[in-house]
Amino acid sequence: MHAEEKDFAVIIVGGGMVGASLAVALASLPLRIAVIEAFDPRKRGAPQPSYDDRSTAIANGSKQILETIGVWEDMAKDATAISAIHISDRGRFGMSRINAHEENVPALGYVVPNRAIGRSLWAALGACPNIQMFCPARLESLVNEGDTVKVTVKDEDGNIANLQGRLVAAADGAQSVVRKILGIDATVRDYGQTAIISNVSTEKPHRNIAYERFTDNGPMAVLPMTEGRSALVWTVPSEQAEEILQMDDPQILERLQELFGYRLGHWQKIGSRASYPLSMIKSKEQTRHRVAIIGNAAHGLHPIAGQGFNLSLRDVAGLAEVIAGADDPGDRQVLEKYRRWRAADQARVMNFTDALVRVFGNPLSSVQAVRNLGLVMFDLLPGGKSLLARHTMGRGGDLPRLARGVPLQ
Ligand SMILES: Cc1cc2nc3c(=O)[nH]c(=O)nc-3n(C[C@H](O)[C@H](O)[C@H](O)COP(=O)(O)OP(=O)(O)OC[C@H]3O[C@@H](n4cnc5c(N)ncnc54)[C@H](O)[C@@H]3O)c2cc1C
């Protein structure tokens with residue numbers, strides 16, 4: 010650690026998908042930025058919780074943000090375009106399909122492995138001279154002294170570094186240590202569901218189609234990936250998760266085949282499985298004087314509609330923009346502006362995602378819901394058709410500059 014360099018404009022706790030995105034977004038400004046991250050994603054085998062075996066569906070608006078901050082070109086090497094979304098309800102007639110060409114867009118969204126997101130973001134972090142990394146290292150303490158926030162950071166060898174910043178951005182995940190230190194409570198709703206993820210190979214090619222299939226046990230998303238594979242996100246009642254995780258490959262493939270049907274022919278291969286218990290988490294405060302809570306630390310969502318990172322990227326773009334226009338990034342008014350600006354989008358996405366979970370958690374209403382909603386991965390769609398995009402993307406004045414392709418400087 011560089012003990013001599015300890016004054017920063019912004020200290021970001023957590024270099025996961027959201028914290029790293031914020032750091033890269035801010036790097037174009039004349040600010041000194043520190044990023045504290047416990048697990049180095051560049052180290053093979055490191056148990057990095059953000060850049061793990063999952064893949065993330067990236068909406069067009071998010072792609073625009075990633076493009077504007079200069080990381081999309083590299084990420085695109087591993088991105089798979091979604092040219093259509095197919096929604097169906099197991100055992101029932103309801104079905105819906107949305108095509109990119111009908112929407113006049115090259116793609117409805119993109120699927121990117123989280124490790125590729127990490128590779129591109131961390132390459133950008135390493136190339137920014139005004140970003141100093143503290144990794145692997147953990148935030149140990151944080152004291153808000155009014156004009157500055159002082160934090161201590163401990164690395165793997167037990168060395169301590171003392172840093173101070175004008176703003177601390179807490180991007181340290183659902184179990185946020187910053188939230189705990191500051192005594193900021195979070196509302197948690199346990200859905201009693203667990204997402205099981207894996208990569209699968211099927212007999213027929215995916216032809217860039219994303220499938221969202223509702224079953225009486227919960228939804229399955231099958232997203233197109235590189236090398237003809239698909240990324241599976243299978244939501245099951247938590248009490249069944251352990252039994253499913255114990256199944257061997259033929260057993261689990263048989264179960265998946267039965268639930269999904271033969272649209273992709275036989276399910277041939279499945280990779281290792283990982284599981285994520287699902288809950289909705291909402292921090293009771295998004296900002297404090299000189300502190301902003303972002304990403305999973307601010308709001309954790311059910312992955313049913315692939316919204317979590319997409320929403321957080323809009324937060325990142327908004328926070329970066331208010332900081333760009335301020336002399337003091339941690340000023341009360343700056344953070345208040347950010348909070349007010351982002352509140353409506355956050356509430357809408359959280360409420361809508363929660364409503365989807367409830368509606369599709371009830372088998373009796375699922376056909377009707379599919380018909381009424383027509384689609385589920387709605388925010389992967391461009392402006393006109395998307396419920397969410399009508400609110401967020403459609404209101405041009407509210408969209409952060411980075412999401413409109415306009416750099417901060
Ligand atoms: C199964 C599943 C599928 C999903 N699919 C999608 C999707 O398709 N589209 C979408 O938009 N979203 C999706 N999401 C949501 C998305 O994964 C999250 O929004 C995103 O991971 C949030 O990132 P984050 O950086 O806020 O938090 P995290 O990913 O939790 O990262 C937090 C980081 O902080 C670090 N950290 C924690 N404590 C400390 C400390 N004390 N000191 C230093 N570092 C610390 C951790 O090591 C970690 O790197 C999905 C989620 C799940 C569970």
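The sequence shown begins at 10 in this note's numbering and counts up one residue at a time. Ideal Cβ positions, reconstructed from N, Cα and C, are used throughout, including at glycine.
Which residues in the same chain have their Cβ closer than 8 Å to the Cβ of residue i, if we skip the five residues on either side of it in sequence?
i	result
Ile126	Met26, Tyr60, Thr65 and Met84
Ser281	Asp62 and Ser207
With a threshold of 16 other CB atoms inside 10 Å of the CB of residue i, please say whether the residue is buried or exposed.
i	result
Gly155	exposed
Thr196	exposed
Ser199	Before going further, note that residue 199 is Asp rather than Ser in the sequence given. Exposed, by the Cβ-count rule.
Gly182	buried
Arg380	Any reading at Arg380 is ruled out, since the residue's pLDDT is 39, under 50, leaving its predicted position unreliable.
Lys15	buried
Tyr347	buried
Gln277	exposed
Asp166	exposed
Glu111	exposed
Ile169	exposed
Asn319	buried
Arg367	exposed
Gly24	buried
Gly118	buried
Val33	buried
Asp354	buried
Gln419	The structure shown does not extend to residue 419, since the chain is modelled only from 10 to 418, so the question has no answer here.
Gln57	buried
Pro46	First, the amino acid is wrong: residue 46 is Glu here, not Pro. Flag for Glu46 reads buried.
Ser395	Residue placement at Ser395 is flagged as unreliable, the pLDDT there being 48, under the threshold of 50; the coordinate-derived value follows with that caveat. Looking at its Cβ environment, which holds 16 or more other Cβ atoms inside 10 Å, Ser395 is buried.
Ile216	Note that residue 216 is Arg in the sequence shown here, rather than Ile. Its Cβ having fewer than 16 others within 10 Å, Arg216 is exposed.
Gln141	buried
Ala133	buried
Between residue i and the rest of its own chain, which residues show a CB-CB distance below 6 Å, the 5 nearest in sequence each way excluded?
i	result
Tyr220	His95 and Val231
Cys137	Ala36
Gly339	Arg175, Leu176 and Arg299
Arg410	Glu330
Asp337	Arg175
Ala179	Val22, Ser185, Val187, Ile302 and Ala306
Ala109	Ser92, Ala116 and Leu117
Gly414	Gln73 and Thr77
Gln266	Trp276
Ile218	Ala93 and His95
Ala333	Leu38 and Leu417
Which residues in the same chain as residue i place their Cβ atom closer than 7 Å to its Cβ, once the five residues preceding and following it in sequence are excluded?
i	result
Asp194	Lys293
Thr235	Asp87 and Thr89
Ile261	Ile253 and Ile279
Pro214	Gly237
Leu344	Thr296 and Ala301
Leu382	Here the model assigns Leu382 a pLDDT of 47, short of 50, so the residue's position is not dependable, and the following value carries that caveat. Cβ within range, chain order: n/a, list empty.
Residue range of the alpha helix (DSSP H) that residue i falls in?
i	result
Gln255	Ser247 to Gln255
Asn123	Asn123 to Gly135
Thr77	Asn69 to Thr77
Gly28	Met26 to Leu35
Phe269	Asp258 to Phe269
Met84	Trp81 to Met84
Please list the terminal residues of the continuous beta strand (DSSP E) segment that includes residue i.
i	result
Ile313	Neither: Ile313 is in no beta strand (DSSP E) and is coded neither H nor E.
Arg222	Ile218 to Thr224
Lys291	Ala283 to Ser292
Phe17	Asp16 to Val22
Ala90	Thr89 to Ile91
Lys189	No beta strand (DSSP E) contains Lys189, which is instead part of the alpha helix (DSSP H) from Val186 to Leu191.
Ala204	Ala195 to Thr211
Val177	Ile169 to Ala179
Asp295	The amino acid occupying residue 295 in the given sequence is Gln; Asp does not appear at that position. Note, Gln295: premise wrong, no beta strand (DSSP E); not H, not E.
Val44	Ile42 to Ile45
Gln277	Trp276 to Ile279
Name, in chain order, the residues that DSSP records as bridge partners for residue i.
i	result
Asp164	Ala146
Met229	Arg222 and Trp243
Asp98	Phe223
Gly118	Ala68 and Ile91
Arg348	DSSP output for Arg348 lists no bridge partner at all.
Looking at chain C, is there any beta carbon in it that lies within less than 8 Å of the beta carbon of residue i?
i	result
Val80	Of the chains in the structure shown, none is chain C; there is only one protein chain.
Is there contact here, the stretch 142-161 with the stretch 78-85, by at least three beta-carbon pairs under 8 Å? Between the stretch 142-161 and the stretch 78-85, the count of C-beta pairs closer than 8 Å stays below three; the two stretches do not touch.
If you pair each beta-carbon of the stretch 203-217 with each one of the stretch 278-288, do three or more pairs fall below 8 Å? yes
Are the stretch 242-257 and the stretch 327-334 in contact at 8 Å, needing three or more beta carbon pairs? no
Kindly confirm or deny that the stretch 40-51 and the stretch 73-80 touch, where touching means at least three C-beta pairs closer than 8 Å. no
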